[in-house]
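S.K.: Under the UniProt record's numbering, the first residue of the sequence shown carries the number 1, and numbering increases by one thereafter.
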Amino acid sequence: MNYLSQIAFVLVLVVAGYFLAKRIKEIRGNILLGKDVDRSDRKSERMKSMLLVAFGQKKMFKKLIPAFLHLLIYVGFLVINIEVLEFIIDGLVGTHRIFAGPLGDAYTVALNIFEFLAVAVIFSCVVFLIRRNVLKVGRFSGIEMTSWPKLDANLILVIEIILMFAILTMNATDQILQTRPDANYTETGRMVFSATLIPLFEGMSTTGLIITERVAWWFHIIGIFAFAIYITYSKHLHIFMAFPNTYYANLNPKGEMNNMDEVTTEVKAMLGVGGASSEPPAEISRFGAKDATDLNWVNLMNSYACTECGRCTQQCPANMTGKKLSPRKIMMDTRDRIDEIGKTGGDDGKSLLGDYITKEEINACTSCNACVEACPVNIDPLSIILQLRRYVVMEESSAPQSWNSMFSNIETNFAPWKFPPTDRFKWANDLKTEEKD
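1) State buried or exposed for Leu382, treating a residue as buried only when at least 16 other CB atoms are found within 10 Å of its CB.
2) Does the beta-carbon distance from Cys312 to Cys371 come in below 8 Å?
3) Since I believe Leu388 is in contact with Cys288 (beta carbons under 8 Å), could you give me their beta-carbon distance rounded to a whole number of angstroms?
4) What separation, rounded to the nearest whole angstrom, lies between the Cα atoms of Val75 and Asp348?
5) Can you confirm whether Pro381, when its beta carbon is compared against all beta carbons of chain D, has any partner nearer than 8 Å?
6) Quick one: is Lys235 buried, meaning 16 or more other Cβ sit within 10 Å of its Cβ, or exposed?
7) Going by alpha carbons, who is nearest to Glu187 out of Ala172, Thr196, Phe201 and Leu200?
8) Could you give the distance in angstroms between the alpha-carbon of Ser408 and the alpha-carbon of Val393?
9) Using the rule of at least 16 other Cβ atoms within 10 Å of the residue's Cβ for burial, across every protein chain shown, is Gln175 buried or exposed?
10) Please determine, among Val14, Gly138, Asn133 and Glu160, the residue with the shortest C-alpha to C-alpha distance to Phe77.
11) In or out: Pro327 buried (at least 16 other Cβ within 10 Å) or exposed?
12) Quick one, are the C-beta atoms of Glu86 and Phe99 less than 8 Å apart?
13) Can you round the beta-carbon distance between residue 438 and Ala242 to whole angstroms, since I take them to be within the 8 Å contact cut?
14) So is residue 444 buried or exposed if we call it buried at 16+ other beta carbons inside 10 Å?
15) Near Thr206, which residues of its chain fall below 6 Å by C-beta distance, leaving aside the five closest residues on each side in sequence?
16) Does the beta-carbon distance from Val37 to Val298 come in below 8 Å?
17) Cβ atoms of Phe123 and Arg132: under 8 Å apart, would you say?
18) Given a cut-off of 8 Å, decide if Thr169 and residue 442 are closer than it, judged by their beta-carbon atoms.
19) Could you name the residues of the same chain whose beta carbon sits closer than 7 Å to that of Glu202, not counting the 5 residues immediately before and after it, in chain order?
20) Enumerate in chain order the residues of its own chain whose CB-to-CB distance from Phe219 is below 6 Å, with the five nearest sequence positions on each side excluded.
21) If you draw a straight line from the C-alpha of Pro149 to the C-alpha of Met164, how long is it?
22) Could you tell me the distance, in whole angstroms, from the CA atom of residue 481 to the CA atom of Ile385?
23) Ends of the alpha helix (DSSP H) at Met170?
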């Protein structure tokens with residue numbers, strides 16, 4: 001009957017693989033709906049950034065306690081999933097703990113490390129649940145944090161706790177079965193943490209223990225597959241997206257804003273300055289961005305990498321002073337919109353600007369880059385805000401009146417103030433006069 005278990009495992013693996021591949025293809029397709037931008041330069045710097053920020057969790061440690069707890073979950077996720085390899089091989093081949101024989105005592109050490117991390121993950125998840133639902137940390141709230149984002153965060157934490165308890169239950173019953181001659185279970189040595197659960201199962205029959213151990217095994221592996229699919233619809237997609245996101249992040253100084261190449265080329269052609277092309281400038285379809293497809297693919301990838309942690313909004317000076325701008329909402333709205341475009345093709349009469357993000361929000365931005373600096377995975381909300389604002393100013397000519405006055409002054413007086421360049425240092429003469437008096 002062992003082959004029936006193998007067939008069932010193959011079916012589960014194939015089904016999970018199909019849905020996971022389908023969703024990954026959807027996300028990739030949505031990201032590629034963005035405009036092209038070249039991020040193939042400075043490869044060594046990009047690799048270093050990815051290793052430090054994504055793999056090394058560098059920016060997380062600005063807040064020590066949550067950073068340490070997050071590190072426990074992160075390491076647990078990476079290391080415990082090594083055991084999933086054994087699960088998969090056992091499921092395909094029909095064996096039980098196939099690595100126990102070849103590894104010997106090292107196998108016991110590895111299992112105890114896995115269990116320590118499982119307990120650490122449970123502890124961290126419980127603390128995070130308390131922070132979210134009892135202490136109600138401020139950055140976890142906001143107009144964009146509706147019922148689903150809050151439920152999503154709690155679901156992931158609860159699922160992780162359940163999956164870790166499944167491992168401990170499996171190992172506890174496995175250790176008892178190793179002492180039962182009629183069970184013929186592979187000797188693994190003592191597993192310290194799951195051994196504390198042994199008294200809960202000692203009174204069970206061998207058949208009952210085998211059923212419990214097998215149910216825990218199947219629950220854990222199916223849970224892992226379901227978890228992998230679920231996170232592609234969740235904010236926890238950042239587990240994977242953090243790596244490409246940090247690699248392709250903007251490496252230029254944070255105060256440097258990118259000029260619009262189309263405008264620069266046209267101005268150079270008009271002025272006849274160096275670098276101007278002799279070819280007539282290509283027709284520009286749109287200045288700035290009105291919808292998600294007007295953004296570049298890195299902007300869209302940023303939206304899928306968003307952790308919804310709220311650090312960007314917490315550091316935003318506009319948000320601090322009661323304005324509607326929330327950089328986290330900018331990223332969440334962009335992700336929701338490109339997901340919608342991926343499903344409908346964008347022929348729904350909606351746009352990112354107006355239906356998702358308001359002019360009041362983008363006009364509140366001070367372009368200070370506090371959100372970019374705060375993000376633990378190098379997301380750039382400011383880039384999206386600037387592109388939306390360029391559309392409002394250059395396509396709709398609907399900038400606030402105070403902005404239009406400043407633009408006019410810069411155009412005519414080469415300064416934001418309404419007086420000619422010849423009077424620019426008049427204040428100094430006035431100051432001298434006052435000093436003499």
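All C-beta atoms in this analysis are idealised placements derived from N, C-alpha and C, irrespective of residue type, glycine included. Since the structure is predicted, the reported quantities are computational estimates derived from the model, not experimental observations.
M.R.: According to the structure data:
1) buried
2) yes
3) Sequence inspection shows Gly at residue 288; the Cys mentioned does not correspond to that position. Contact between Gly288 and Leu388 holds, with the beta-carbon distance rounding to 7 Å and staying under 8 Å.
4) 43 Å
5) The question asks about chain D, but that chain is absent: this structure has only one protein chain.
6) buried
7) Selected option, being the one with the closest Cα: Ala172.
8) 13 Å
9) buried
10) Glu160
11) buried
12) yes
13) Beyond the ends of the chain as shown, which are 1 and 437, falls residue 438; an answer cannot be given.
14) This structure cannot settle anything about residue 444, because the visible part of the chain is limited to 1 through 437.
15) Cβ within range, chain order: Arg180, Asp182 and Ala183.
16) yes
17) no
18) Shown here, the chain extends from 1 to 437; a query on residue 442 therefore has no answer.
19) Hits under 7 Å: Ile176.
20) Ala166
21) 23 Å
22) A question about residue 481 goes unanswered here, because the residues of the chain that appear run from 1 up to 437.
23) Element bounds for Met170: Ser147 to Leu177.
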